[in-house]
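Protein chains in written order, with our numbering: chain X, 1 to 533; chain B, 534 to 1066.
Glycine included, every Cβ here is placed at the ideal spot set by N, Cα and C.
Number of protein chains: 2
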Amino acid sequence: MKEAIRSWQAALGADNVAADDVTRDRYARTTQDTGTRPLCVLYPGSTAEVQAAMRIAAEYGVVVYPISRGCNWGYGDACAPTDGAAILDLGRMNRIIEVNTELAYAVIEPGVTQQQLFDYLREHRTGLWLDCTGAGRNASLVGNALERGFGHTRYGDRVLSTCGMEIVLADGRVLNTGFGHYDGAKAAHVYRYGVGPSLDGLFFQSNLGIVTRIGLWLMPKPEAFRFFFIRLERDEQLELLIDRLRPLRMQGVLTSAVHIGNDLRIFSATGRYPWTETGGRTPLPNDVRARLARKAGVGAWNAGGSLTGLAGHVRASSRALRDAVKGLGRVVFVDDRKLAFGETAARILRRFGLGKRFDTQLDALRHNYGLLKGVPTDEPLQGAQWRLREPPDGGACNPLDAGCGLMWISPVVPMTGRDARAVLSIVEPIFARFGFELLATFTLINERAMIAIMNVVFDKADADETARATACYDETMDAIIREGYHPYRTGLRGLAKIRQPDDVFWDVATVLKRAFDPNDLIARGRYIAQMDK
Amino acid sequence: MKEAIRSWQAALGADNVAADDVTRDRYARTTQDTGTRPLCVLYPGSTAEVQAAMRIAAEYGVVVYPISRGCNWGYGDACAPTDGAAILDLGRMNRIIEVNTELAYAVIEPGVTQQQLFDYLREHRTGLWLDCTGAGRNASLVGNALERGFGHTRYGDRVLSTCGMEIVLADGRVLNTGFGHYDGAKAAHVYRYGVGPSLDGLFFQSNLGIVTRIGLWLMPKPEAFRFFFIRLERDEQLELLIDRLRPLRMQGVLTSAVHIGNDLRIFSATGRYPWTETGGRTPLPNDVRARLARKAGVGAWNAGGSLTGLAGHVRASSRALRDAVKGLGRVVFVDDRKLAFGETAARILRRFGLGKRFDTQLDALRHNYGLLKGVPTDEPLQGAQWRLREPPDGGACNPLDAGCGLMWISPVVPMTGRDARAVLSIVEPIFARFGFELLATFTLINERAMIAIMNVVFDKADADETARATACYDETMDAIIREGYHPYRTGLRGLAKIRQPDDVFWDVATVLKRAFDPNDLIARGRYIAQMDK
């Protein structure tokens, strides 16, 4: 191992290899129940250095775990599935290689953060919008796409806006997908499939190679933009809402990823668990829950999304949306003018020492509104602090710095009210039994499916709560999988649960792993099972 | 070989194995310069029979070439890349297994034709529309999707509307992709990726398995539908048109696959080459070309597409489209009412013995209009008859029955006028040199790319023309590839041209082939190169 590290130091420069305990401890932190501790951390600065690092890994048989920015919140953070890996931190590879404003795409490296590309697009007046996730300003666009994370706009399905990848293979060679492997290919970043088999899918949620560059489609600023939200007073209205939104999503009236969060999830975005008011009891008693909802003006379910397009499109879509939810709840529309008006009103109220609640609501609105225009924000990360006994030092929003416990359970659910309710009925009793109230959202991710995010949020400083969280996670995952609602993504703890014996799919995945990485050195155990010796 | 055939007869029934010369000759027919002759043809009736057929193929080492309906017009028809293969004709597997009207998808087998699914959707009043290609009523939906064929509607990118595949592997096992490999998975046909690596891409344009079933997303009938066409008088207006349509496509104003065909391509859709008028000279002289265009009311370039959505959307989009092409050409809109009006007018004119030209135009319009609503038609196949010296017996429209020669060259082109012109400038002189006028279309297939279809059309009965066609094909393919415009798909003759030495991509494809099909028995040489012994 010492020799491997010396070789890496020679190849990458001594400054770009860290094997000290402080660094190793820092990369071992996790919001999950337990993490893993790496052997060392490598900081390559280029594709060539990643190739060199891989050749050395092969020589010494060391497992390498590539991360982009290590912000895989709720799913394992920067931790490898196994102890003793060399973390390949691609954060230094943060070049925006190309932005094509005519064809609306960027070519970026894994270290490029949401904030960085956002700033670039704005500063250079490109007229192009980003699709952002709630993973925060410092999260990597490439890393999130490779985990099939989803955003909030028309380009919310990140897989569909990834076009052309550069991948370092286990043997150190570089593979380009799509048309990118042909010299001078004109369509490398405008047409995803190339000719012949399409290999891109192999490098999402897997460990078959190290992606060092992607083409990313960007959205031209629309002529018109309108944010909307809908508040449902009663829990049982959820089914109706979903069944009424589905036709709008399929007809192209709704094109953004509509987000439907329950009251608890909204509370967690703006504050911590009411420890004093509940006298420390968990899960949240119903009367306190009702009081909080009234106080914050939050519904049992709260939907938000955006309408974009020509002004005429947005007008027609607004009408259709209003008609569709008639009798369920009122649709509130917000556009730039209305938001500016709100800001003015808030300033005036503040002058009179009034409008505190309005301020809070306006602040939340501002973040959500921005997110749907591709403005990165750290605000959604606040939700991870829900169960902390004390607010974090200095108001840290990085969940690791704040000591948050967070494990996401995120099944894919057909877009019907029936299925949404079925999932809730499975999950809610389990959460309650372990002392957790269910913070949940459903996101309309394509025209036919939603992703439900169930938040197992806990205080890592509390050993009992951590143990209960872990048990709650295990039982919930087992239950939803048994009922046919499989997660779209999983953290370290869930990896073994999505694999099953005698499954041709996972057998084939293992065959692929043997073909691509016979020594099982890239991200061993990530999605594809660790190989038998 | 005899024993292999006997085993297949035992497994599939004697009636479902044909090794007679008449059948073999029929399957050897092609619109390309030369085809290949199979050993025999197998007609399995189920996935289990495909598995059995593959096990026998493995036992005797016979190459198997799966086809759905054998309508791979212009790209090799039903022919395997190599002589002596057992054609696995999946035409009997034509079950529509499920149609889910709530979530708008169907699950179908490879033998299901465009017409069959269309009829089913209409008869059962599902309110769902199909996306059709121009490959004709008898073409397979699965076969076309696996070749990444494209249609004409909002669902024109067939890859994106394929969700969940069942695949028989070379060893006879069955692989299900997406979530489909989990028992009772609820989201198998509503979310494409499943969890873990996505394998679907491997089975498009390749030979790694035999797809026996797919989920296919269908389009709910839109509230409003409007067909549009735009006629450009002058060839040099093409660049401007593309550059003005691009922003509309990116903004979601145009969501269908807009089709832009030149005058020659339109002529070929409605009649044959004017052999008498030209005295047999080729390529088409400019004065005759101009006369034909005037007579038929055809522009140098002719664009067509559809606007769909809410009535308000379609109104706003129509205005935007009209504004965008101002000064270039007039946009003509057609909806159901206007078409009915046209039909009435035609009837009246006919009563007076008038309106022949109008009749022809109306007929072409009717087919295009229908195609954009997902109504299958054989009309686009007429184009293959352009160079026939005599009209085919009994008005056959199957290009094989009619004796047509057809090789398509279909590069992907970034959606800019500059790139479109660059491609034409490369191709036109080559076509002219070999005595062919360039029948060409550009289709806006996604928000950033077009697929150009260049038709090498010839009369197979004319040996000299066939030889020139072949040389023209070779030279054009080499030239566009050299300039970075790579084909999205290719027939037998082009397969060797898209592969290149020392290309990690094709090396990886071969590694995959070895892993999936070590004896190289499925569709040997199709996209992925034949293995060295």
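Based on the DSSP secondary-structure assignment, which residues constitute the bridge partners of residue i?
i: E98 (chain X); result: X:V107
i: I453 (chain X); result: X:T441
i: S851 (chain B); result: Partner(s): none; S851 (chain B) has no beta bridge.
i: N795 (chain B); result: B:W834
i: F736 (chain B); result: DSSP output for F736 (chain B) lists no bridge partner at all.
i: C40 (chain X); result: X:A86
i: G711 (chain B); result: Looking at the DSSP assignment, G711 (chain B) forms no beta bridge with any residue, so it has no partner.
i: I700 (chain B); result: B:L708 and B:V744
i: L650 (chain B); result: L650 (chain B) is not bridged to any residue.
i: T695 (chain B); result: B:L749
i: Y598 (chain B); result: B:I620
Locate the beta strand (DSSP E) running through residue i, then write down its first and last residues.
i: W750 (chain B); result: I743 to W750
i: W408 (chain X); result: C404 to I409
i: N931 (chain B); result: N931 (chain B) -> no beta strand (DSSP E), and no H or E assigned at all.
i: R759 (chain B); result: A757 to L765
i: V945 (chain B); result: V945 to P947
Measuring CA to CA, which of the options is closest to residue i?
i: L749 (chain B); options: B:D553, B:E631, B:D869 and B:V956; result: B:E631
i: F760 (chain B); options: B:V595, B:L898, B:V583 and B:Y1006; result: B:L898
i: H181 (chain X); options: B:I1055, B:R557, B:L854 and B:I1014; result: B:I1014
i: V675 (chain B); options: B:D796, B:S601, B:E635 and B:E1016; result: B:S601
i: N144 (chain X); options: X:G196, X:Y75 and X:A86; result: X:Y75
i: L438 (chain X); options: X:G134, X:R319 and X:S268; result: X:S268
i: E483 (chain X); options: X:V427, X:T47 and X:L199; result: X:V427
i: P755 (chain B); options: X:L245, X:V253, X:E236 and X:L238; result: X:V253
i: G1027 (chain B); options: B:F975, B:D716, B:S958 and B:S943; result: B:S943
Which residues bound the alpha helix (DSSP H) around residue i?
i: F885 (chain B); result: No alpha helix (DSSP H) holds F885 (chain B); DSSP gives it neither H nor E.
i: R625 (chain B); result: Element bounds for R625 (chain B): n/a, residue is neither H nor E.
i: F1038 (chain B); result: V1037 to F1049
i: Y1060 (chain B); result: From DSSP, Y1060 (chain B) is part of no alpha helix (DSSP H); its letter is neither H nor E.
i: Y60 (chain X); result: T47 to Y60
i: F431 (chain X); result: G417 to R433
i: P247 (chain X); result: L238 to M250
i: V142 (chain X); result: L141 to L146
i: V555 (chain B); result: D554 to A561
Leaving out five residues before and five after residue i in sequence, what residues of the same chain have Cβ atoms less than 6 angstroms from its Cβ?
i: R448 (chain X); result: M415
i: K80 (chain X); result: The question names Lys, but residue 80 (chain X) is Ala in the sequence shown. Taken in chain order, the residues that qualify are T36 and Y65.
i: D776 (chain B); result: G950
i: L362 (chain X); result: G342 and A346
i: Q648 (chain B); result: R670 and P909
i: A561 (chain B); result: G568 and R570
i: E912 (chain B); result: H900
i: G530 (chain B); result: Given that chain B is displayed from residue 534 to residue 1066, the structure contains no residue 530 (chain B) and the question cannot be resolved.
Using a Cβ-Cβ cutoff of less than 8 angstroms, which residues in the same chain neighbour residue i once the five nearest sequence positions on both sides are dropped?
i: M752 (chain B); result: A637, L661, W662, L663, D664, T686, R687, Y688 and G907
i: R681 (chain B); result: R691, V692, F737, Q738, Y1021 and R1022
i: P818 (chain B); result: T811
i: R350 (chain X); result: D359
i: S789 (chain B); result: H685, T686, R687, G689, G838, S839, L840, T841 and L905
Only counting the same chain, and skipping five residues up and downstream in sequence, which positions put a Cβ closer than 7 angstroms to that of residue i?
i: I963 (chain B); result: C1005, E1008, T1009 and A1012
i: S161 (chain X); result: D131, Y155, L216 and W217
Query raised in the report: If contact means a Cβ-Cβ distance below 7 angstroms, which residues of the segment 715-731 of chain B contact chain X?
Result: When C-beta distances to chain X are compared with 7 angstroms, the residues of the segment 715-731 of chain B below that value are Y715, G717, A718, K719, A720, V723, Y724, Y726, V728, G729, P730 and S731, in chain order.
**Report entry** Residues of the segment 474-485 of chain X whose Cβ lies closer than 8 angstroms to any Cβ of chain B, in chain order
**Finding:** Residues passing the 8 angstroms Cβ filter: I481, E483, G484 and Y485.
Query raised in the report: Taking a cut of 8 angstroms between CB atoms, which residues from the segment 284-315 of chain X lie near chain B?
Result: Cβ contacts with chain B: T308, G309, L310, A311, G312, H313 and R315.
Requested in this report: Compile a chain-ordered list of the residues in the segment 972-993 of chain B whose CB is closer than 8 angstroms to at least one CB of chain X.
Outcome: Against chain X - using a Cβ distance shorter than 8 angstroms - the residues of the segment 972-993 of chain B are I978, N979, E980, R981 and A982.
Query - Residues of the segment 614-643 of chain B with Cβ closer than 8 angstroms to any Cβ of chain X, in chain order - result: If the cut-off is 8 angstroms between Cβ atoms, the segment 614-643 of chain B has E635, L636, A637 and Y638 near chain X.
Report task. Report the residues of the segment 730-749 of chain B with a CB closer than 8 angstroms to any CB of chain X, ordered along the chain. Result -> Residues passing the 8 angstroms Cβ filter: P730, S731, L732, D733, G734, L735, F736, F737, Q738, S739 and L741.
Query raised in the report: According to a CB-to-CB cut-off of less than 8 angstroms, which residues of the segment 126-159 of chain X neighbour chain B?
Result: Residues of the segment 126-159 of chain X with a C-beta less than 8 angstroms from any C-beta of chain B: R148, R154 and V159, listed in chain order.
Query raised in the report: Taking a cut of 9 angstroms between CB atoms, which residues from the segment 496-529 of chain X lie near chain B?
Result: Answer in chain order: I498, R499, Q500, D503, V504, F505, W506, D507, V508, A509, V511, L512, R514, A515, F516, Y527 and I528.
Query raised in the report: If you measure beta-carbon to beta-carbon, which residues of the segment 697-712 of chain B are closer than 8 angstroms to chain X?
Result: Taking 8 angstroms as the Cβ-Cβ cut-off against chain X, the residues of the segment 697-712 of chain B that qualify are L702, R706, V707, L708, N709, T710 and F712.
Report task. Report the residues of the segment 938-951 of chain B with a CB closer than 9 angstroms to any CB of chain X, ordered along the chain. Result -> Going along the segment 938-951 of chain B in chain order, one finds P944, V945, V946, P947, M948 and T949 with a Cβ nearer than 9 angstroms to chain X.
Report task. Could you please tell me which residues of the segment 849-862 of chain B, in chain order, have their CB closer than 9 angstroms to any CB of chain X? Result -> Closer than 9 angstroms at the C-beta level to chain X, one finds these residues of the segment 849-862 of chain B: A849, S850, R852 and A853.
Query raised in the report: What residues from the segment 28-45 of chain X come within 7 angstroms of chain B, judged by C-beta to C-beta, listed N to C?
Result: Near chain B, meaning a CB-to-CB distance below 7 angstroms, no residue of the segment 28-45 of chain X qualifies.
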